[in-house]
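Numbering (this note's numbering), first residue to last: 2 to 173.
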C-alpha cells in the first residue's frame, strides 16, 4: 500500500479520484492542492508521484474538491464559490462566485465530465464544465505536436474545433 501525504505538516482536508483511480487529487490545510499519478507498479517499489501542485483560495470553512473523470479539471469550493483549475498547468481557469447563500456541501462531475453538480442550500445546481473544453483542446494541441497518423490528426483537429466552438458559445 502506498502512502500519499502532503508536504510538510499540513493535513489533507479532502480527496477526489478520476474515473479509473489512476489519479488522485488532495487538498490540504496549507492552501495547496496536489494531483498524484497513482497508476504505478507497487510490486516494483514504485510510489505515486505528484504531477501538479496549485494554490487555492482559503476560507474559514474547509474546502471540498472534485476531479473530472479524465483528471484534467479540479473543482475546489471556497464557501459559496467554486474555482476551476487546469490540472496540467495548475492555473486557475475560472471562478463561479456566490452560488448559494450558505456554503457548498458537496460537488461532483458527471460521468462524461461535461457538467459539475454542486449541492448547497438544499438545492443542486448544474454547471457546464467550461474549463474541461479548454483543457481538452489544449491536450489535443499537445498531441498534435507529436508524430501522429493522419486519422489521429484529423480526429484531434475536429476535437479542437468542437471544443473551440463550444467555448465560443460560453464567451471564452
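We treat Cβ as the ideally placed atom computed from N, Cα and C, and that holds for glycine.
I need the straight-line Cα distance from residue i to residue j, nearest angstrom please.
i, j, result
"residue 112", "residue 172", "25 Å"
"residue 125", "residue 100", "10 Å"
"residue 84", "residue 57", "8 Å"
"residue 2", "residue 41", "Interpretation of residue 2 is limited by its pLDDT of 46, a score under 50 that renders its predicted location unreliable; the figure taken from the coordinates is listed afterwards. Approximately 11 Å, taken between the alpha carbons."
"residue 89", "residue 62", "27 Å"
"residue 46", "residue 39", "13 Å"
"residue 52", "residue 135", "19 Å"
"residue 9", "residue 163", "Below a pLDDT of 50, predicted positions are generally treated as unreliable, and residue 9, at 48, falls in that range; the measurement from the model is reported next regardless. Distance between the alpha carbons of residue 9 and residue 163: 42 Å."
"residue 26", "residue 55", "11 Å"
"residue 71", "residue 48", "21 Å"
"residue 22", "residue 165", "29 Å"
"residue 129", "residue 116", "5 Å"
"residue 153", "residue 133", "20 Å"
"residue 138", "residue 91", "16 Å"
"residue 64", "residue 32", "10 Å"
Would you mind stating whether residue i and residue j have Cβ atoms separated by less than 8 Å?
i, j, result
"residue 131", "residue 168", "yes"
"residue 102", "residue 87", "no"
"residue 75", "residue 36", "yes"
"residue 161", "residue 142", "yes"
"residue 1", "residue 60", "The question about residue 1 has no answer, for the chain in this structure spans 2 to 173."
With distance defined between alpha-carbon atoms, name the residue in the options nearest to residue i.
i, options, result
"residue 81", "74, 96 and 91", "96"
"residue 28", "79, 98 and 20", "79"
"residue 140", "30, 16, 157 and 67", "157"
"residue 118", "31, 142 and 69", "69"
"residue 66", "32, 77, 166 and 30", "77"
"residue 24", "129, 73, 138 and 145", "73"
Would residue i be called buried (16 or more neighbouring beta carbons within 10 Å of its own) or exposed?
i, result
"residue 155", "exposed"
"residue 170", "exposed"
"residue 159", "exposed"
"residue 17", "buried"
"residue 43", "exposed"
"residue 7", "Low per-residue confidence applies at residue 7: pLDDT is 49, beneath 50, and the placement is therefore not dependable, though the value from the model is reported in the following sentence. It is buried - the Cβ of residue 7 has at least 16 other Cβ atoms within 10 Å."
"residue 19", "buried"
"residue 50", "exposed"
"residue 114", "buried"
- prompt: Contact between the stretch 139-149 and the stretch 103-117: three or more CB pairs below 8 Å?
  reply: no
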